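A quick write-up on the structure given underneath.
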Amino acid sequence: MLLKDLKINLPKNWKEISRSAQEDSFYLKFYHINPAAHLDPKLFQDQIFSSPNSNVSKVRLAIPVASKAPLKDFREGMKGAIDSGFMPFKGATQKIDNLCKKMAMGYYPEDGDFSGDILITRHPNEEIARQSFKNIALLPTQRFNAPIPGGVQIPGAPENMTFAELFETDIYEKYMPGHLEKMKEHMPVEQKAMAEEQIKKLKELMSKEQMEKIRAEIEKAQKQLQEEKKANLGKSGAEYKETKYLGYDAICLESKNPTPPPNPIKSKNPSDVGGGFDDRYDPLPKISKPYKDRIINYQALLIKNFIITGNLLWQIDSLPPGDTPCYSLTKSKKKISTYREGGMTFEDITITPIVSNYKKEGYLYKEEVEEIFKKILVQLER
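In our numbering, each residue's number is its place in the sequence shown (first place is 1) plus 90.
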């Protein structure tokens, strides 16, 4: 299929920022809308209500927000710090506004909390696509020693020729000038003069002395780049791997998890939820979340003659699952407690958010992002 015909219908809590669709390439940038962005800010603060009965108190507890605040909340929080004198410097408000405008343009609008992009490239055939795919893992460490995708369509060139080999042999310098001369024969008259000048410059560039210089520079750069990359990968314990993701061939970058595994905490009290917990809230249930000693960043997916890349792909493995517990943004329950003091009965009414999860509340979660990729893969598979 042609990528200009690709259709991507985003989930309702995602919005498109920009899109570019050509026959052989497709780019989409979009962002996730924070579900708390368009709710009344008062819901995220404790609210005490007046009561005609002095023996009755009523309070609505603040809803704890599960994800990072929308950009607009960051801006208002910074402005509040300025107005309170906590950040009293000249022009601070204007600088905060300018910063938020730049962030909104570069990342996502004010109601967002996450952005990502997807890039899809269509290659002439599956063979070229596969080598281009493999080069995503090879180029960072092998650089010029990575094979040229699709090979070199030059008589006498070996199969799987690398970029370095192309310049190490005399194939390129022998073939290219003659090839351009043949191309010139089929050019319109008005373009031949320009072609003559280009061929002349190319022949000068591809002189024996110049080619030797280019080869020496490539060899030097190759050695330096390989040493630097290996040193960086060695420090982080990172390595590129070919694997499977969503049933398709994938390239990933695996690295050591810098966070040590948590130590199990034994408590004599089964209901113990840790210090500082407000027991007026129902405790969030614990879900099984096995510790990962490796961090995975997917770099590319290969399907037929298409390669999918983009920062949404490499972030996906770190996203929380949809069953991650949180508190509801829209549903609450009433807790009533009574006690007697001095011969009188008092009543406390507390309105608390009920326990929910990321999927129900519209927070960012892994399975929803995977569904975006699955719908793309179905179309590319046709």
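Every residue gets a Cβ at the ideal spot worked out from N, C-alpha and C, and that includes glycine. Quick caveat: nothing in here was measured; it's all calculated off a predicted structure.
Which whole-angstrom value is the C-beta distance of residue i and residue j, which I expect to be below 8 Å?
{"i": "K423", "j": "I444", "result": "5 Å"}
{"i": "S115", "j": "I210", "result": "7 Å"}
{"i": "H474", "j": "W104", "result": "For residue 474 there is no data in the structure shown, the boundaries of the chain being 91 and 472."}
{"i": "D201", "j": "N124", "result": "6 Å"}
{"i": "D136", "j": "V149", "result": "6 Å"}
Leaving out the 5 sequence neighbours to the left and right, which residues in its chain are closer than 7 Å to residue i when beta-carbon positions are compared?
{"i": "S108", "result": "K119"}
{"i": "S418", "result": "P443, I444, S446, E451"}
{"i": "L467", "result": "L336, Y338, I393"}
{"i": "K331", "result": "C342, E344"}
{"i": "E307", "result": "none"}
{"i": "P101", "result": "E458"}
{"i": "N143", "result": "none"}
{"i": "R220", "result": "L392"}
{"i": "S357", "result": "Note that S357 scores 49 on pLDDT, short of 50, meaning its location in the model is unreliable and no value can be drawn from it."}
{"i": "K379", "result": "none"}
Compare the beta carbon distance of residue i and residue j with 7 Å and say whether it is the shorter of the two.
{"i": "D383", "j": "N353", "result": "no"}
{"i": "Y388", "j": "A328", "result": "no"}
{"i": "C342", "j": "T333", "result": "yes"}
{"i": "A152", "j": "F139", "result": "no"}
{"i": "P415", "j": "P351", "result": "no"}
{"i": "A111", "j": "Y453", "result": "no"}
{"i": "K94", "j": "E113", "result": "yes"}
{"i": "T398", "j": "E344", "result": "Strictly speaking, residue 398 in this sequence is Ile, with Thr absent from that position. Cβ atoms of I398 and E344: not closer than 7 Å."}
{"i": "D413", "j": "I462", "result": "no"}
{"i": "T420", "j": "T428", "result": "no"}
{"i": "Q469", "j": "L92", "result": "no"}
Identify every residue that forms a DSSP beta bridge with residue i.
{"i": "A340", "result": "T333, L391"}
{"i": "M434", "result": "E431"}
{"i": "S222", "result": "Partner(s): none; S222 has no beta bridge."}
{"i": "D207", "result": "K119"}
{"i": "E106", "result": "F120"}
{"i": "V445", "result": "Y417"}
{"i": "A111", "result": "F116"}
{"i": "K423", "result": "T442"}
{"i": "I385", "result": "S345"}
{"i": "K148", "result": "F139, I439"}
{"i": "F396", "result": "R212, I393"}
{"i": "G412", "result": "Partner(s): none; G412 has no beta bridge."}
{"i": "G452", "result": "Bridge partners of G452: none, in fact."}
{"i": "G202", "result": "I123"}
Residues in its own chain within less than 6 Å of residue i by CB, not counting five upstream and five downstream?
{"i": "I426", "result": "I439"}
{"i": "E106", "result": "F120"}
{"i": "Y381", "result": "P351"}
{"i": "P154", "result": "Y417"}
{"i": "Y117", "result": "S110, L209"}
{"i": "K369", "result": "It is Asp, not Lys, that sits at residue 369 in the sequence shown. Here the set comprises nothing."}
{"i": "N145", "result": "F436"}
{"i": "I441", "result": "R150, S422, K424"}
Apart from the five residues on each side of it in sequence, which residues of its chain come closer than 8 Å, Cβ to Cβ, to residue i?
{"i": "S147", "result": "I138, S141, F436, E437, D438, I439"}
{"i": "K464", "result": "L336"}
{"i": "A390", "result": "F223, I226, A340, I341, I397, I398, T399, L403"}
{"i": "E471", "result": "I393, K394"}
{"i": "K310", "result": "none"}
Give a yes or no on whether the minimum CB-CB distance between residue i and chain B is below 7 Å.
{"i": "I123", "result": "This model lacks chain B altogether, as it is built from one protein chain only."}
Would the region 217-230 count as touching the region 402-416 if we require 3 or more Cβ pairs under 8 Å?
Contact fails: fewer than three Cβ-Cβ distances are below 8 Å.
Pairing CB atoms from the region 452-471 with CB atoms from the region 408-415, are three or more of them under 8 Å?
yes
Are at least three pairs of beta-carbons, each pair with one atom in the region 200-220 and one in the region 386-396, less than 8 Å apart?
yes
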